[in-house]
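*Asks:* Got a structure for you, written out below as C-alpha cells; questions coming shortly.
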Amino acid sequence: MTKIFDWKENINELELDEISNAIKDGKLVIFPTETVYGIGASIYNDNALKNIFITKGRAQDNPLIIHVSSKEMIKDVVTDISDIENKLIDAFMPGPFTLILNKKKHISNIVSANLDTVGIRMPDSKIARTIIEKSNTPIAAPSANLSTKPSCTNLNDLLEDFNNKVPYIIDEGASKIGVESTVVKVINGIPTILRPGKITPEDIYEVTNSVNIDKNINEVKTGKVESPGMKYKHYAPSSKCLLVYMDNENDMINEINKHITKNTYVIGYKEHQNLINTNNFYSFGSINNYEEISSNIFSLLRKVDRNKPELIIIEGLKKEGLGIAIMNRLIKAASHNYIEKLDK
Ligand code: TXA
Ligand code: MG
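1273 is the number of the first residue of the sequence shown in the working numbering; add one for each residue after it.
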C-alpha cells in the first residue's frame, strides 16, 4: 500500500515525522521538487539505494543526484570545491541546478555508480528541503518515473508508475518547472552543460564568463560519455512519436498536416489548433511562453499516450534559452524521429 500525503496547502508535522523516520529506516519516499518529482532514499543506506534502481528499472551505471538542504551539507559529501564551482553554487543553489563535484571517500559507490564524482542539487522546493533537513541526511533521488518513461510531474502520473511499489508519495500538485535540473560539470575550468534545463547557458555565462554545452546532449551514445545518462533512452511514451520543427511556422503546420492519419494525436501550440487538421489536438501552451510549455510537456506526453495512438506528432520550438532543454527532452521522447528545417 502506498500512503499518499497531501501537502499542497501546508506541510503536516506529524506526517513529516513519519517521512523522516521512513528515510532514516531506509524506505523510499517520492517527494516533490520544483523541477519534477524525485524518488528518494538516504545516501547512507545501501539497501535503500539499491532499491531505487530496482524500483525504477534503472541501469546500475547511471548515478543518482544527491539532494541537500544547505551549503554545509554539500561539504559533508564532496571535496576540493574550486572558486568557479563556489561561484556556481552561490548563484544557482537553491534552484533547478545540479553540479558535478568530487565525492568524499565515504560516499557509497552505489550513488555515484562507481564514479569519483557525484551530482549535487539543492532544490528550491520548501517541501524537499524540509524533508532533507528533518531526516538529517542528504537524499539520493533520481526523477520519479519508470526508466525510459517521461518524468512524473503530478500524482496521477506517479500512481501510473509506482502505485503500491513505494511506501510514500508526497503530493504538492503539478511541478512548477516540469523539466529536470540543468546538470553542469566544470571541465578544464569551463562550466559544461551535460543536461540542459531551466538554468540556461546565458544564465551561467553571466556568472562565470564562460560556458560550454556538451556536444552529446541530444544524442544517445554508447561508450565513454561525460554523463552516463546520455547512453540511455529517456522520456519516451509507448506510442511512436514524430517531432517537427521549422523556423517557418506555415511550413511546420503543412508538414504536420501531411503526417496526420485517423489515429494520430498532435501536441502543439494553442495558436495552431485551428490550422492543424485533427480533432485529436492537445495544446501544451502558447508559442510565446516556454515556461508554460516546459511545465506541460511530460504530463501531456503521458496523457496522449493513454489513448494508444499510432503516432504522436509534436510541434517543436526554437532551441534558445529554456527551448534548448525542452527540445532536448522532445528529441529524446521521439527517439530521434525528428524533422527540422532552419532558415539559415
Ligand atoms: O531535477 C532533477 O535533477 C531531478 C529532481 C528529482 O531533482 N532529478 C533527476 O535525476 O533528474 P535523474 O537521476 O533522473 O538524472 C540525473 C542525471 C543523469 O543523466 C545522470 O547520468 C547525471 O545526472 N549524473 C548524475 N551523477 C553524475 C556524475 N557524477 N557525472 C555525470 N553525470 C551525472
Ligand atoms: Mg530521469
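Using N, Cα and C, we set each Cβ at its ideal position, and we do this for glycine too.
Identify, in the order they occur along the chain, each residue of the same chain with its Cβ nearer than 8 Å to the Cβ of residue 1315, setting aside the five sequence neighbours on each side.
*Replies:* Taken in chain order, the residues that qualify are 1321, 1338, 1349, 1379, 1380, 1383, 1409, 1410, 1411, 1412.
*Asks:* Starting from residue 1490, trace the alpha helix (DSSP H) in both directions and tell me its first and last residue.
*Replies:* If you look at residue 1490, you'll find it isn't in any alpha helix (DSSP H); DSSP assigns it neither H nor E.
*Asks:* To the nearest angstrom, report how far apart residue 1391 and residue 1369 are at their CA atoms.
*Replies:* 10 Å
*Asks:* Does the segment 1455 to 1469 come within contact of the segment 1521 to 1534, defined as at least 3 CB pairs closer than 8 Å?
*Replies:* Taking 8 Å as the limit for Cβ pairs, the verdict is that the segment 1521 to 1534 does not touch the segment 1455 to 1469.
*Asks:* Excluding five sequence neighbours on each side, which residues of the same chain lie with their C-beta closer than 6 Å to the C-beta of residue 1482?
*Replies:* 1462
*Asks:* When the Cα atoms are used, what is the spatial distance from residue 1309 to residue 1302?
*Replies:* Their Cα atoms are separated by approximately 7 Å.
*Asks:* Could you please give the first and the last residue of the uninterrupted alpha helix (DSSP H) stretch that includes residue 1523?
*Replies:* For residue 1523, the uninterrupted alpha helix (DSSP H) run begins and ends at 1521 to 1530, by DSSP.
*Asks:* Let me know if residue 1486 comes out buried or exposed under the rule of 16 or more other beta-carbons within 10 Å of its beta-carbon.
*Replies:* So residue 1486 ends up on the buried side.
*Asks:* Output the boundary residues of the beta strand (DSSP E) element that contains residue 1613.
*Replies:* 1610 to 1613
*Asks:* Considering only heavy atoms of the ligand TXA, does any lie closer than 6 Å to the CB of residue 1536?
*Replies:* Checking the 6 Å criterion, the Cβ of residue 1536 is out of range of every heavy atom belonging to the ligand TXA.
*Asks:* Mind checking residue 1450: buried by the 16 CB within 10 Å criterion, or exposed?
*Replies:* buried
*Asks:* Do residue 1623 and residue 1569 have their CB atoms nearer than 7 Å?
*Replies:* Beyond the ends of the chain as shown, which are 1273 and 1616, falls residue 1623; an answer cannot be given.
*Asks:* Considering only heavy atoms of the ligand TXA, does any lie closer than 6 Å to the CB of residue 1455?
*Replies:* True, at least one ligand heavy atom lies under 6 Å from that Cβ.
*Asks:* Between the C-alpha atoms of residue 1473 and residue 1484, what's the straight-line distance to the nearest angstrom?
*Replies:* 8 Å
*Asks:* At what residues does the beta strand (DSSP E) containing residue 1502 begin and finish?
*Replies:* Careful: residue 1502 lies outside any beta strand (DSSP E) and carries neither H nor E.
*Asks:* Kindly examine the ligand TXA and report whether one of its heavy atoms sits closer than 6 Å to the Cβ of residue 1461.
*Replies:* no
*Asks:* Between residue 1372 and the ligand TXA, is the CB less than 6 Å from at least one heavy atom?
*Replies:* yes
*Asks:* Given a threshold of 16 other Cβ atoms within 10 Å of its Cβ, counted over all protein chains shown, does residue 1355 qualify as buried or as exposed?
*Replies:* exposed
*Asks:* Between 1561, 1528, 1515, 1548, which has its C-alpha nearest residue 1599's C-alpha?
*Replies:* 1515
*Asks:* Quick one: what does DSSP say residue 1540 is sitting in, helix, strand or coil?
*Replies:* strand
*Asks:* Which of helix, strand or coil does DSSP assign to residue 1555?
*Replies:* strand
*Asks:* If I'm right that residue 1334 touches residue 1500 with Cβ under 8 Å, what's the distance once you round it to whole angstroms?
*Replies:* 5 Å
*Asks:* Keeping to the same chain, check which residues put their C-beta closer than 7 Å to that of residue 1601; ignore five residues upstream and five downstream.
*Replies:* 1451, 1507, 1569
*Asks:* Quick one: complete alpha helix (DSSP H) runs, 4+ long, within the segment 1421 to 1482?
*Replies:* 1427 to 1434, 1473 to 1480
*Asks:* Going along the chain, which residues of its own chain have a beta-carbon closer than 6 Å to the beta-carbon of residue 1396, five neighbours each way excluded?
*Replies:* 1306, 1366, 1367
*Asks:* Please give the ranges of any beta strand (DSSP E) in the segment 1284 to 1315, keeping only runs that are unbroken, at least 3 residues long and fully inside the region.
*Replies:* 1301 to 1303, 1310 to 1314
*Asks:* Comparing alpha-carbon positions, which option in 1331, 1344, 1586, 1399 lies nearest residue 1607?
*Replies:* In terms of CA proximity to residue 1607, 1586 leads the group 1331, 1344, 1586, 1399.
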